[in-house]
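*Asks:* I have a structure I would like to understand better, so I am pasting it below and will then ask my questions one at a time.
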Amino acid sequence: MIVALQITGIPQKNVVLEHRTDAMHPLYTHMAGSYLEEVESTRTRCFIILGDTKKWSDAQDFCDSFRMRLATVSSSNENEFLKSLTNYPNGIWLGGSDSLSEGTWRWNKPTRDMTFYDWGRVLFVPQPNGYIISNCLSYFNCDPLATSYEWVDEPCSVSNPFLCER
24 MIVALQITGI PQKNVVLEHR TDAMHPLYTH MAGSYLEEVE STRTRCFIIL
74 GDTKKWSDAQ DFCDSFRMRL ATVSSSNENE FLKSLTNYPN GIWLGGSDSL
124 SEGTWRWNKP TRDMTFYDWG RVLFVPQPNG YIISNCLSYF NCDPLATSYE
174 WVDEPCSVSN PFLCER
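The numbering used here runs 23 ahead of the 1-based position in the sequence shown.
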């Protein structure tokens, strides 16, 4: 598993932590914890990408355990930054869902409307495709050349890596 911690808004404090052990490894929790305290005190946002694969609700629970949430995206610049952290061949969970009302996509924790979208196409099918079982948002490598991550709706029961934020 690769764990990356990327902090935005703190000059000279952007860092990527990588190790191939459990996410609860003491080095990870100590370093992530100290950065998260600084993030909290400076009101900047921190994003952690976790290579472990989990179902959407389990990924949200994991983020919660660090007083974080699945990542939300509010601008094109932020979307491009988060895509730059993304290098997995399949989906990566984000904090959006239409499980409360089919077709109405909202951010989770806190529940709020989406104001930015980056829906892609999978095999020429525009996203979101509206399937009732595809209620959770992920970045997905949408093009055949593997160069473009865009948003897709996926079944929440799929296990994917995920992005947490605080």
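Glycine residues also receive a C-beta, built at the ideal position from the N, C-alpha and C atoms. Quantities reported herein were computed from a predicted structural model and do not represent experimental measurements.
1) Tell me the DSSP bridge mates of Val148?
2) Measure from the alpha carbon of Ser122 to the alpha carbon of each residue in Pro178, Leu186, Ser182, then state which is nearest.
3) Apart from the five residues on each side of it in sequence, which residues of its chain come closer than 8 Å, Cβ to Cβ, to Glu173?
4) If the criterion is Cβ atoms closer than 8 Å, does the pair Cys187 and Leu105 meet it?
5) So, at 6 Å on beta carbons, what are the nonlocal neighbours of Glu60 in its own chain, with the 5 sequence-adjacent residues on each side left out?
6) Suppose you measure from the CA of Phe147 to the CA of Gly126; what does that come to, to the nearest Å?
7) With a Cβ-Cβ cutoff of 8 Å, do Asn152 and Asp136 count as a contact?
8) Taking all protein chains shown into account, do 16 or more other C-beta atoms lie within 10 angstroms of the C-beta of Glu63, making it buried, or fewer, making it exposed?
9) Is Tyr157 buried or exposed, if buried means 16 or more other CB atoms sit within 10 Å of its CB?
*Replies:* Taking the definition as stated:
1) Here residue 148 refers to the residue found at position 125 of the sequence shown. According to DSSP, Val148 shares a beta bridge with Val145.
2) By 1-based counting over the sequence shown, the position of residue 122 is 99. Measuring from the Cα of Ser122, the nearest candidate turns out to be Pro178.
3) Reading the sequence shown from its first residue, position 150 is the one you call residue 173. So the qualifying residues of the chain are Asp141, Trp142, Gly143, Arg144, Gln150, Tyr162, Phe163, Cys165.
4) Working through the sequence shown from its first residue, we reach residue 187 at position 164. Working through the sequence shown from its first residue, we reach residue 105 at position 82. Cβ distance not < 8 Å, so Cys187 and Leu105 don't count as in contact.
5) Locating residue 60 in the sequence shown gives position 37, counting from the first residue. A caution first: Glu60 carries a pLDDT of 47, below 50, which makes its placement in the model unreliable, though a value can still be read off. Taking Glu60 as the centre and dropping the five residues before and after it, the same chain places no C-beta closer than 6 Å to its C-beta.
6) Residue 147 sits at position 124 when you count from the first residue of the sequence shown. Residue 126 sits at position 103 when you count from the first residue of the sequence shown. C-alpha separation (whole angstroms): 19 Å.
7) What you label residue 152 is simply residue 129 of the sequence shown in a count that begins at 1. What you label residue 136 is simply residue 113 of the sequence shown in a count that begins at 1. Against a cut-off of 8 Å, the Cβ pair of Asp136 and Asn152 comes out as no contact.
8) Taking the first residue of the sequence shown as position 1, residue 63 is located at position 40. Here Glu63 scores only 43 on pLDDT, less than 50, and its place in the model should not be relied on; the value that follows carries that caveat. Its Cβ having fewer than 16 others within 10 Å, Glu63 is exposed.
9) Your numbering for residue 157 matches position 134 in the sequence shown. Checking the displayed sequence, the identity of residue 157 turns out to be Ser instead of Tyr. By the C-beta density criterion, Ser157 is buried, having at least 16 other C-beta atoms within 10 angstroms.
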